[in-house]
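A short write-up of the structure that comes next.
Number of protein chains: 2
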Amino acid sequence: MHIVKTIKNLRQILHQVRRKGQKIGFVPTMGYFHEGHLSLMRQAKKECDICVVSVYVNPKQFGPKEDLGRYPRDIKRDTMMIKKENVDILFIPSDNVVYPNCYLTYIDVEKISNTLCGQYRPGHFKGVATVVAKLLNMVQPDVLYLGQKDAQQVVVLKTMAADLNFPVGIRVVPTAREKDGLAMSSRNIRLSSQERAQAPVLYKALKDAARHIKAGEGSVSKIIGRIQKTITQYSSGKIQYVACVDADTLEPLKILKGNILIALAVFFGKTRLIDNVIIPIKKSNKVQN
Amino acid sequence: MHIVKTIKNLRQILHQVRRKGQKIGFVPTMGYFHEGHLSLMRQAKKECDICVVSVYVNPKQFGPKEDLGRYPRDIKRDTMMIKKENVDILFIPSDNVVYPNCYLTYIDVEKISNTLCGQYRPGHFKGVATVVAKLLNMVQPDVLYLGQKDAQQVVVLKTMAADLNFPVGIRVVPTAREKDGLAMSSRNIRLSSQERAQAPVLYKALKDAARHIKAGEGSVSKIIGRIQKTITQYSSGKIQYVACVDADTLEPLKILKGNILIALAVFFGKTRLIDNVIIPIKKSNKVQN
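Which chain is which? The protein sequence lines are A and B, in order. All residue numbers for the first sequence refer to this note's numbering, where the first residue is 13 and numbers rise by one. All residue numbers for the second sequence refer to this note's numbering, where the first residue is 13 and numbers rise by one.
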């Protein structure tokens, strides 16, 4: 495995790869790997010749009051973990490689960056879109691998890549979960044992909602209410939002039809967890009064 | 010469070019060619194997009160002109190819987009940066050719390309001028014969300023005052701005030192003309009181 810290070095190695006509899969991450990251890498190894993984905790996607400083980091552990996955290139740029002095350029994906999580994290998706555009230009991959856990990030980056005509395919990999259903996240390590025991309620509530929609429930507000009730009843989690939106446009749904994305963000103590499900419904359900 | 209207077709042709290891030079334009455009194409032909020219009047870089509708267009004339230059690919996308429905993504190069012309054309350089980033991803050239006449555009696009790590070199080609010194521009055709006769005063005033700086003049305000006086004295031109800034950062200069960019925008009737000179000064001139 090549461990690379500069763009020049990265490009030199990838130039050789490209000359051989090899297909490049790219997994951008903020490190502190869990099974979710590894599943992206495995998918990339399966579908491409070369898997490039970047580890960079991007300061531009953290708000001033957010957990940039506390975000878990352990590059030695990460390096050990992904050697086993036969990752070909690990790219670990420093802050001054990614954002040199006098950095001025930002990418804004309007509307869809300002809903759901974006409503509570102003500037977050601008930071995400900007760093991923930069990484796409550094790596020039054939396929970009993203995790479904970050549902809004997937929509923002798909839109950004399509709008700016990046010559890259995007593959979305299902959310990796613990045995009890909790979505894997680097932030889970910060949960107390009590919080950790309660956190699976998020996915339980989402699955319960999916079941009700599939069974014919047609009221968006009833579905959202059910989820909120389940979370507050069975945990100490403080709900930031529960939303029911179109999975492609992130527009709030009035009728439960199409690809329905139910997404939520809930605080357990200081730790903010997100999760989501997508439910494809061909015919709209009737609202039961 | 290939005349191409879709991104798919463009990519198919360029894929073959790239497989042969040929170097691609790219000249993005809004058409209605003059000698300035042709000099960019000649430079590209000299330095690259393949010259791609795009013609697209980008609506996103025109303000609501600007001259999008009146901007001169003549694709037949353009096509004839560049066949003689041995251009390899002419890319003429339509609006719905460049900005399909639900387009959401914009690139902002902060600070340097909001000074000089940007002060009077809010959103202009956001439109320019966005469309050029898109075209760079469509064409994936080795070298991008830009004209020095649009001095601020050069700085904005150089910064955008560097900040977003586009794998492209940038070559800036000197401003092409009429025999009497007027900077060539597609908009010159809209000048009345009287305005056309007066318009060379812009370059005369800039050259005069350059002479005085080289001769030791150290006062920025005196230099700007001289230019303003020359223009108002010898023409009916209405000055929008005359500015003296650092050629790389566009920051206003207090001391005349480094690469000095003197840039101006002047209205002749409804037609807005721009021009500039760059004066490299190693030692700062002393202000003569």
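Every residue gets a Cβ at the ideal spot worked out from N, C-alpha and C, and that includes glycine. Predicted model only: the values in this text are computed from it and were never measured.
Three-pair Cβ contact test at 8 Å for the segment 162-179 of chain A versus the segment 100-120 of chain B: yes
State the beta-bridge partners of Gln189 (chain B) as determined by DSSP. The identity of residue 189 (chain B) in the sequence shown is Arg, whereas the question assumes Gln. B:Ala195, per the DSSP bridge assignment.
Report the three-state DSSP secondary structure of Gln206 (chain A) (helix, strand or coil). helix
In the DSSP assignment, the alpha helix (DSSP H) including Asn149 (chain B) goes from what residue to what residue? 136-151
Give a yes or no on contact between the segment 212-223 of chain B and the segment 232-243 of chain B, applying the rule of three or more CB pairs nearer than 8 Å. yes
Closer than 7 Å between beta carbons: that is the criterion. Which residues of the segment 178-206 of chain B meet it against chain A? From the segment 178-206 of chain B, only Phe178, Pro179 have a Cβ closer than 7 Å to chain A.
Going along the segment 113-133 of chain B in order, which residues come within less than 9 Å of chain A, judged by CB to CB distance? Answer set for the segment 113-133 of chain B: Cys114, Tyr115, Leu116, Thr117, Tyr118, Ile119, Asp120, Val121, Glu122, Lys123, Ile124, Ser125.
How would you call Gly339 (chain A), buried or exposed, if buried means at least 16 neighbouring beta carbons within 10 angstroms? Shown here, chain A extends from 13 to 301; a query on residue 339 (chain A) therefore has no answer.
First and last residue of the uninterrupted alpha helix (DSSP H) at Leu50 (chain B): 47-59
Thr242 (chain B) - containing beta strand (DSSP E), residue span: Element bounds for Thr242 (chain B): not the beta strand (DSSP E) but the alpha helix (DSSP H), 232-246.
What are the boundary residues of the alpha helix (DSSP H) that includes Val289 (chain A)? Counting along the chain, Val289 (chain A) falls outside any alpha helix (DSSP H), though it belongs to the beta strand (DSSP E) covering 283-293.
Name the chain A residues that come within less than 9 Å of Ile225 (chain B), Cβ to Cβ? Within chain A, no residue comes near Ile225 (chain B); the closest Cβ sits about 25 Å away, beyond 9 Å.
Pair every Cβ in the segment 267-281 of chain A with every Cβ in the segment 196-211 of chain A, then say whether three or more of these pairs are closer than 8 Å. yes
Own chain, CB closer than 6 Å to Pro105 (chain A), minus 5 neighbours either side, in chain order: The residues are Tyr68.
Which residue wins for smallest C-alpha separation from Gly181 (chain A), given the options A:Gly37, A:Lys32, A:Leu22? A:Gly37
So Val168 (chain B) and Ser125 (chain B) are supposed to be a Cβ contact under 8 Å. How far apart are they, rounded? 6 Å
At a Cβ cut of 8 Å, what residues of the segment 157-181 of chain A count as close to chain B, listed as they run along the chain? Thr171, Met172, Asp175, Leu176, Asn177, Phe178, Pro179
Does the beta carbon of Asn301 (chain B) sit closer than 8 Å to a beta carbon anywhere in chain A? Model confidence at Asn301 (chain B) stands at a pLDDT of 49, short of 50, so the residue's coordinates are unreliable and nothing is read from them.
Which residues in chain B have a C-beta closer than 9 Å to the C-beta of Gln152 (chain A)? List them in chain order. Gln152, Pro179
Close Cβ partners of Ala222 (chain B) (< 7 Å) along its chain, the five nearest in sequence each way excluded: Closer than 7 Å at Cβ, skipping near neighbours: Val289, Ile291.
Measuring only between beta-carbons, confirm whether Ile19 (chain A) sits less than 8 Å from chain B. yes
Tell me, to the nearest whole angstrom, how far the beta carbon of Leu52 (chain B) is from that of Val39 (chain B); I am working on the premise that it is less than 8 Å. Cβ-Cβ separation between Leu52 (chain B) and Val39 (chain B): approximately 5 Å, consistent with a contact (criterion under 8 Å).
Reducing DSSP to helix, strand and coil, say where Gln252 (chain B) ends up. strand
Along the beta strand (DSSP E) that carries Ala117 (chain A), what are the first and last residues, could you check? The question names Ala, but residue 117 (chain A) is Thr in the sequence shown. Its beta strand (DSSP E) spans residues 117-121.
Can you find at least 3 beta carbon pairs, one from the segment 75-92 of chain A and one from the segment 134-150 of chain B, that sit closer than 8 Å? no
C-alpha distance - Ala163 (chain A) paired with Thr171 (chain B), whole-angstrom precision: 31 Å
Who are the near neighbours of Asn301 (chain B) in its chain, counting only those whose CB is closer than 6 Å to its CB and skipping five residues on each side? In this prediction, Asn301 (chain B) scores a pLDDT of 49, lower than 50, which makes its location untrustworthy; the coordinate-derived value is nonetheless stated afterwards. If we look at Asn301 (chain B) and ignore the five residues flanking it on each side, it has no Cβ neighbours.
Reduced DSSP secondary structure (H/G/I, E/B, other) of Pro264 (chain A): strand
With respect to the alpha helix (DSSP H) encompassing Cys129 (chain B), which residues constitute its N-terminal and C-terminal limits? Run containing Cys129 (chain B): 128-132, per the alpha helix (DSSP H) assignment.
With DSSP collapsed to three states, give me the class of Asn301 (chain A). With a pLDDT of only 48 at Asn301 (chain A), under 50, the local geometry of the prediction cannot be trusted, and no value is derived from it.
Using 8 Å as the Cβ pair cut-off and three pairs as the minimum, do the segment 129-136 of chain B and the segment 56-75 of chain B touch? yes
So, helix, strand or coil for Arg183 (chain B), using DSSP? DSSP, reduced to helix, strand and coil, places Arg183 (chain B) within a strand of the structure shown.
Go through its chain and collect everything with a Cβ distance to Leu262 (chain B)'s Cβ below 6 Å, but skip five positions before and after it. Ile124, Thr127, Val167
Please list, in chain order, the chain A residues whose beta carbon lies closer than 8 Å to that of Asn11 (chain B). Nothing can be reported for residue 11 (chain B): it is not among the residues displayed for chain B, which extend from 13 to 301.
To the nearest angstrom, how far is it from the Cα of Lys57 (chain B) to the Cα of Cys63 (chain B)? A straight-line Cα-Cα distance of about 6 Å links Lys57 (chain B) and Cys63 (chain B).
Using a C-beta to C-beta distance shorter than 9 Å, which residues of chain B count as neighbours of Lys146 (chain A)? By Cβ distance, chain B contributes Asp175, Leu176, Asn177.
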